[in-house]
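So for the sequence shown, our numbering puts the first residue at 8; every next one is plus one. Quick notes on the structure that follows.
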Amino acid sequence: MAEYNKLSQVTFNPMIRAWRFRVQLHKIYPYAITNLGTYYKYILADEDGYKMEMTTGGDYPNFRGLEKEEGRWVEIFVVEVERTYPGFQPTRSPFRLNATRCTQVRIIEPLNSRVFLDFKSIHEIPRMHWRDLKYPIDTMGVVFNMETYLDAPSGPRMEFYIRDNIDHQIKCVVTGNRAYAFRDGLDYMSGGGS
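What follows is the structure, encoded as structure tokens:
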């Protein structure tokens, strides 16, 4: 799963343009109207509530229509960082983001409707035997196909899958106070290898 930067971690370094954020479009307002179109400023807020301003330096195709998406969550990739100018600033951050023609923006589901779990990239383990299931796991992905079995003979359990952005999926089983993660096709704790 993609690693995201926090807005509070931003520092000014002109050589770094690989910033990647998962933020909410908190507020959007126009700041310049030209014969080429209207340019907008975006006030971004991350899941910690930290806010930062982002401007666009042109009428870029990736941002067309985004001014109507206030309140939506987005992923932003490849964005520049600038120092803020003296005077009134809409946020308290000493920096602001500047979107360029290379900046990618993608609307995503709200964070509060997603469930994120931490495991250790299980798809990076080349071979995993059932005896090795105590290996620490740490990955992040979207939970789907969740099923709960409250009347199972072995006790209540929940089964679900986690999918990351590389299309790997992990089967997970939670019973009582224990959780197990399986590679695709490895269905039973007492089964053979993967």
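Glycine residues also receive a C-beta, built at the ideal position from the N, C-alpha and C atoms.
Which of helix, strand or coil does DSSP assign to residue i?
{"i": "glutamate 74", "result": "helix"}
{"i": "proline 68", "result": "helix"}
{"i": "glutamine 16", "result": "helix"}
{"i": "tyrosine 11", "result": "coil"}
{"i": "glutamate 154", "result": "strand"}
{"i": "proline 21", "result": "coil"}
{"i": "isoleucine 93", "result": "Residue identity differs from the one stated: residue 93 is proline in this sequence, not isoleucine. Coil, per DSSP."}
What does DSSP give as the partner residue(s) for residue i in the beta ladder?
{"i": "tryptophan 26", "result": "BP columns for tryptophan 26 are empty, so no partner."}
{"i": "asparagine 105", "result": "Thr62, Glu87"}
{"i": "glutamine 31", "result": "Ala52, Trp80"}
{"i": "proline 37", "result": "Tyr47"}
Please state if the CB of residue j and the CB of residue i are separated by a distance shorter than 8 Å.
{"i": "methionine 165", "j": "leucine 104", "result": "no"}
{"i": "leucine 32", "j": "glycine 78", "result": "yes"}
{"i": "arginine 113", "j": "valine 86", "result": "no"}
{"i": "tyrosine 27", "j": "asparagine 12", "result": "According to the sequence shown, residue 27 is arginine rather than tyrosine. Yes. Within cutoff."}
{"i": "glycine 64", "j": "threonine 107", "result": "yes"}
{"i": "serine 100", "j": "threonine 110", "result": "no"}
{"i": "phenylalanine 102", "j": "glutamate 116", "result": "no"}
{"i": "isoleucine 35", "j": "tyrosine 49", "result": "yes"}
{"i": "tyrosine 38", "j": "tyrosine 46", "result": "yes"}
{"i": "valine 30", "j": "aspartate 53", "result": "yes"}
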